[in-house]
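Letter by letter, the sequence shown follows residues 1 to 189 in full-length UniProt numbering. A quick write-up on the structure given underneath.
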Amino acid sequence: MSEIEGTSALKQGERFTIAQRNAWPGDERWELIGGVAYNMSPALRVPHQRLTLQFAASLFNFLEGKPCQPFISPVDVYLPDASAENEETVVQPDVFVVCDSEKIKDDGIHGAPDFIVEVLSDSTAYKDLTIKKQAYERSGVREYWIINPDTGSIFISLLDQGHYLPMTEILRGNRATSTVLNGFTFTLR
């Protein structure tokens with residue numbers, strides 16, 4: 001296994017299909033982004049899990065009785081890639097929301113979620129800030145939040161005409177407001 005810019009990848013330069021990835025041992029979690037395999041981080045630290053659960057609970061309460069549905073990892077999300085033919089991309093975002101029920105299948109989500117949140121950890125920061133952000137942009141994820149539990153910042157990217165606008169940073173203690181999920185707010189304490 002080799003390291004690609006701080007992100008554990010199976011074999012640098014090698015491409016895989018979703019079918020190949022789905023045949024790998026079940027005790028390992030892998031994401032494919034553009035056919036490149038990325039090993040999911042080992043067991044996540046307690047602060048990461050606590051923050052992910054806190055955010056997901058807030059989102060669940062907000063969406064109760066509404067058509068959009070929240071999900072937490074590990075759920076496979078099969079992303080389309082508007083920039084290339086036959087790109088193989090399947091990810092497992094920390095928290096995400098799907099408003100189109102047609103995308104929800106037994107084996108995962110087929111299509112771009114409307115809203116995705118990734119909680120940074122040392123082992124996933126590069127991938128979340130660059131590789132996954134680019135994949136989410138290409139596939140049409142309308143709003144992408146990155147939460148840094150160490151600094152207490154929330155970075156928000158909004159899709160506009162197929163591209164993310166410059167990130168907005170919300171500092172700890174300030175309210176982050178979703179544009180896509182009208183009325184949803186979250187304050188990182």
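Quick reminder that beta carbons are idealized off the backbone N, C-alpha and C, glycines included. These numbers come from a predicted model, not from an experiment.
Based on the DSSP secondary-structure assignment, which residues constitute the bridge partners of residue i?
{"i": "residue 39", "result": "30"}
{"i": "residue 105", "result": "108"}
{"i": "residue 70", "result": "97"}
{"i": "residue 164", "result": "159"}
The beta strand (DSSP E) with residue i in it runs from where to where?
{"i": "residue 159", "result": "153-160"}
{"i": "residue 117", "result": "115-119"}
{"i": "residue 143", "result": "143-148"}
{"i": "residue 169", "result": "168-170"}
If I follow the unbroken alpha helix (DSSP H) through residue i, where does it start and stop?
{"i": "residue 18", "result": "18-22"}
{"i": "residue 133", "result": "132-139"}
For the ligand NAD, I want to know if residue i counts as a neighbour, meaning its beta carbon is within less than 6 Å of at least one of the ligand's heavy atoms.
{"i": "residue 59", "result": "Only the bare structure without any ligand can be found here, which leaves the ligand NAD out of the picture."}
How is residue i classed by DSSP in three states: helix, strand or coil?
{"i": "residue 175", "result": "strand"}
{"i": "residue 46", "result": "helix"}
{"i": "residue 185", "result": "strand"}
{"i": "residue 75", "result": "coil"}
{"i": "residue 5", "result": "Confidence at residue 5 is low in this model, with a pLDDT of 42, below 50, so its placement is unreliable and no value can be given for it."}
{"i": "residue 123", "result": "coil"}
Using 7 Å as the threshold, is the C-beta distance between residue i and residue j below it?
{"i": "residue 58", "j": "residue 186", "result": "yes"}
{"i": "residue 91", "j": "residue 143", "result": "no"}
{"i": "residue 97", "j": "residue 72", "result": "no"}
{"i": "residue 18", "j": "residue 131", "result": "no"}
{"i": "residue 48", "j": "residue 117", "result": "no"}
{"i": "residue 63", "j": "residue 70", "result": "yes"}
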